[in-house]
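Note that the protein sequences, when read in sequence, are chains F and G.
With the UniProt record's numbering, the residue at position 200 of the first sequence is 200, and numbering never jumps.
With the UniProt record's numbering, the residue at position 195 of the second sequence is 195, and numbering never jumps.
The beta-carbon is built from N, C-alpha and C at its ideal position, and this holds for glycine as well.
This report refers to the structure that appears directly beneath it.
2 protein chains.
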Amino acid sequence: MTARPLRADAARNREKLRAAATEVFGERGLDAPLEEVARRAGVSIGTLYNHFPTRDALYEAIFPERLAALDRIADAAIADPDPWHGFVAFVEGLFALQAQDRGLNDALAQRFPVPAEVDEACHRGFRHIDRILQRAKDNGDLREDFELPDLATLIWAMSRVITESMDVAPQAWRRCLAFFLDGLRTEAAHPIDVPALTEGQLTSRFG
Amino acid sequence: MTARPLRADAARNREKLRAAATEVFGERGLDAPLEEVARRAGVSIGTLYNHFPTRDALYEAIFPERLAALDRIADAAIADPDPWHGFVAFVEGLFALQAQDRGLNDALAQRFPVPAEVDEACHRGFRHIDRILQRAKDNGDLREDFELPDLATLIWAMSRVITESMDVAPQAWRRCLAFFLDGLRTEAAHPIDVPALTEGQLTSRFG
DNA sequence: TACTTACTTGAGGTCTCCCTCAAGTTCTGT
DNA sequence: ACAGAACTTGAGGGAGACCTCAAGTAAGTA
Numbered sequence: 001m002t003a004r005p006l007r008a009d010a011a012r013n014r015e016k017l018r019a020a021a022t023e024v025f026g027e028r029g030l031d032a033p034l035e036e037v038a039r040r041a042g043v044s045i046g047t048l049y050n051h052f053p054t055r056d057a058l059y060e061a062i063f064p065e066r067l068a069a070l071d072r073i074a075d076a077a078i079a080d081p082d083p084w085h086g087f088v089a090f091v092e093g094l095f096a097l098q099a100q101d102r103g104l105n106d107a108l109a110q111r112f113p114v115p116a117e118v119d120e121a122c123h124r125g126f127r128h129i130d131r132i133l134q135r136a137k138d139n140g141d142l143r144e145d146f147e148l149p150d151l152a153t154l155i156w157a158m159s160r161v162i163t164e165s166m167d168v169a170p171q172a173w174r175r176c177l178a179f180f181l182d183g184l185r186t187e188a189a190h191p192i193d194v195p196a197l198t199e200g201q202l203t204s205r206f207g
Numbered sequence: 001m002t003a004r005p006l007r008a009d010a011a012r013n014r015e016k017l018r019a020a021a022t023e024v025f026g027e028r029g030l031d032a033p034l035e036e037v038a039r040r041a042g043v044s045i046g047t048l049y050n051h052f053p054t055r056d057a058l059y060e061a062i063f064p065e066r067l068a069a070l071d072r073i074a075d076a077a078i079a080d081p082d083p084w085h086g087f088v089a090f091v092e093g094l095f096a097l098q099a100q101d102r103g104l105n106d107a108l109a110q111r112f113p114v115p116a117e118v119d120e121a122c123h124r125g126f127r128h129i130d131r132i133l134q135r136a137k138d139n140g141d142l143r144e145d146f147e148l149p150d151l152a153t154l155i156w157a158m159s160r161v162i163t164e165s166m167d168v169a170p171q172a173w174r175r176c177l178a179f180f181l182d183g184l185r186t187e188a189a190h191p192i193d194v195p196a197l198t199e200g201q202l203t204s205r206f207g
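The following block contains the structure:
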């Protein structure tokens with residue numbers, strides 16, 4: 001079970017690959033060619049496949065670190081004495097992360113099927129987030145009919161705004177978000193007759 | 001200059017290609033393989049290139065019809081006695097079109113560079129739209145700081161929501177839009193400190 | 001009916017990315 | 001210093017899409 005430790009050069013290469021993957025996916029998104037990752041790591045494509053037999057294995061090596069950043073943002077949001085402010089800070093922090101990292105943007109918007117492990121981490125995070133929403137609702141700030149799946153659709157929405165505008169106006173997504181947030185306040189709410197996505201609908205989009 | 005008329009079989013093939021392209025791009029988006037278009041038209045790939053030497057030529061053959069539908073929706077919106085209702089009907093009609101046609105969705109969200117002619121048609125449409133917005137603002141319904149470029153970002157946003165949810169919940173985008181619209185009412189408005197995209201920023205995203 | 005010209009065909013070259021594996025290289029323990 | 005295990009290499013085969021062009025077919029005209 002306990003695999004014997006990697007040889008020194010192998011460990012070095014593995015780390016170079018991880019770093020290169022973080023860079024490349026961050027810049028070009030999750031569909032970046034693996035040969036670019038290998039090239040940037042200064043290693044042959046064979047070595048890449050040696051360490052990470054599949055694309056998913058690379059994703060798994062990268063995402064925990066990113067998702068941890070997200071957790072920190074969520075924690076801060078929950079700790080915020082003002083629930084609405086906490087909620088706003090959370091979504092702004094989330095999207096700022098996405099704006100910095102095309103790969104994370106792709107992953108959160110689920111533009112590509114993502115390995116189970118990463119997916120599960122997102123779900124754990126999401127449950128965490130439920131508390132942020134609930135707190136803001138209980139305080140009368142966030143409209144009652146905004147549910148967790150609606151946050152997922154907001155992520156889809158913003159993910160495109162981010163990718164399309166980032167090169168030309170890196171802050172433009174904040175404006176779009178501001179309009180949206182103004183619609184999420186209790187006093188702005190008008191009844192909506194379309195139900196939220198179900199958990200099943202959210203997860204069934206891939207095989 | 002006045003090209004002599006096409007031979008009968010050629011005219012038939014050209015039309016079959018147009019129809020197939022409409023179908024294929026509608027289902028699979030603007031990046032659908034041209035060989036699929038040829039296959040569906042029951043014609044060889046050579047013939048396709050014969051009639052439409054570039055992808056853009058195909059787009060140009062297809063979009064005028066679609067954009068005309070959009071114009072009709074805009075006209076109806078302007079004719080609406082209630083400016084806010086007209087505005088809402090316009091965006092709902094717009095996104096309903098996009099939900100029916102992945103290709104149009106791609107084109108309006110400018111997911112791919114689109115030929116100048118199509119682009120220009122969009123711009124003409126957009127100026128038209130300015131009146132819809134202005135009317136709703138003048139009537140005190142639409143917040144003053146919502147500008148034309150903000151509609152472009154809304155299109156980006158919704159285009160992703162549409163593609164991601166259409167297979168699983170074809171109406172889900174309406175819910176997301178409803179939240180957004182609630183943020184566009186005058187009485188929901190809170191000041192926003194990020195400026196709208198400029199015309200230049202909107203158009204400079206491609207070479 | 002036969003000829004000319006217009007049109008169609010699809011195999012095949014190119015490109016990009018995927019992934020594999022036999023041969024070569026480098027580390028590590030003795 | 002050596003043997004052997006661990007690791008790396010990159011050429012190469014495969015898949016999918018792009019686009020071209022020489023050879024073949026069919027429409028229009030006399």
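| Item | Value |
| --- | --- |
| Where do the N-terminal and C-terminal ends of the alpha helix (DSSP H) with G:PRO53 fall, by residue? | G:PRO53 -> no alpha helix (DSSP H), and no H or E assigned at all. |
| What is the rounded straight-line gap between the Cα of F:ILE192 and the Cα of G:PHE179? | 8 Å |
| Taking the continuous alpha helix (DSSP H) assigned at F:GLU83, which residues delimit it? | According to the sequence displayed, residue 83 of chain F carries Pro and not Glu. That run of the alpha helix (DSSP H) goes 83-100. |
| CA-CA distance, F:ASP119 and G:THR203? | 36 Å |
| Indicate whether the contact test is met: 3 or more Cβ pairs, each with one atom in the segment 61-76 of chain G and one in the segment 34-47 of chain G, closer than 8 Å. | no |
| Please report the straight-line C-alpha distance between F:ASN105 and G:GLY183, rounded to a whole angstrom. | 24 Å |
| Can you tell me whether G:LEU30 is helix, strand or coil according to DSSP? | coil |
| Since I believe F:GLY86 is in contact with F:ILE132 (beta carbons under 8 Å), could you give me their beta-carbon distance rounded to a whole number of angstroms? | 6 Å |
| Does the count of Cβ pairs from the segment 50-60 of chain F and the segment 98-115 of chain F closer than 8 Å reach three? | yes |
| Would F:ILE192 pass as an interface residue toward chain G - the criterion being a Cβ-Cβ separation below 8 Å? | yes |
| Can you give the Cα-Cα distance for F:THR153 and G:PRO83, rounded to whole angstroms? | 28 Å |
| Is F:ARG185 helix, strand or coil when you go by DSSP? | strand |
| Using the Cα positions of G:LEU64 and G:ALA121, report the straight-line distance between them to the nearest angstrom. | For clarity, residue 64 of chain G is Pro in the given sequence; the question names Leu instead. The alpha-carbon atoms of G:PRO64 and G:ALA121 are separated by roughly 8 Å. |
| Does G:ASP119 have its Cβ less than 8 Å from a Cβ in chain F? | no |
| Please list, in chain order, the residues of the UniProt domain "HTH tetR-type" (11-70) of chain F that have any C-beta partner in chain G closer than 8 Å. | none |
| What do you reckon, are the CB atoms on G:LEU197 and F:ALA169 nearer than 8 Å? | yes |
| So with Cβ pairs under 8 Å, would you call G:TRP156 a contact of chain F? | yes |
| Between the Cα of G:ASN13 and the Cα atoms of G:ILE78, G:ARG40 and G:ARG135, which residue gives the shortest distance? | G:ARG40 |
| Within the same chain, show all residues whose beta-carbon is closer than 8 Å to that of G:GLY140, passing over the 5 residues directly before and after it, in chain order. | THR186 |
| Suppose the cutoff is 7 Å on Cβ atoms and the five residues either side in sequence are ignored; what does the same chain contact list for G:GLY29 look like? | ARG102, GLY103 and ASP106 |
| Counting only the same chain and skipping the five closest in sequence on each side, list residues whose C-beta sits under 7 Å from that of G:THR22. | ILE62 |
| Which partner residues of F:LEU142 appear in the DSSP bridge assignment? | F:ARG185 |
| Which bits of chain F does G:THR186 rub up against, with CB to CB less than 7 Å? | The contacting residues do not exist; G:THR186 stays about 11 Å from chain F at best. |
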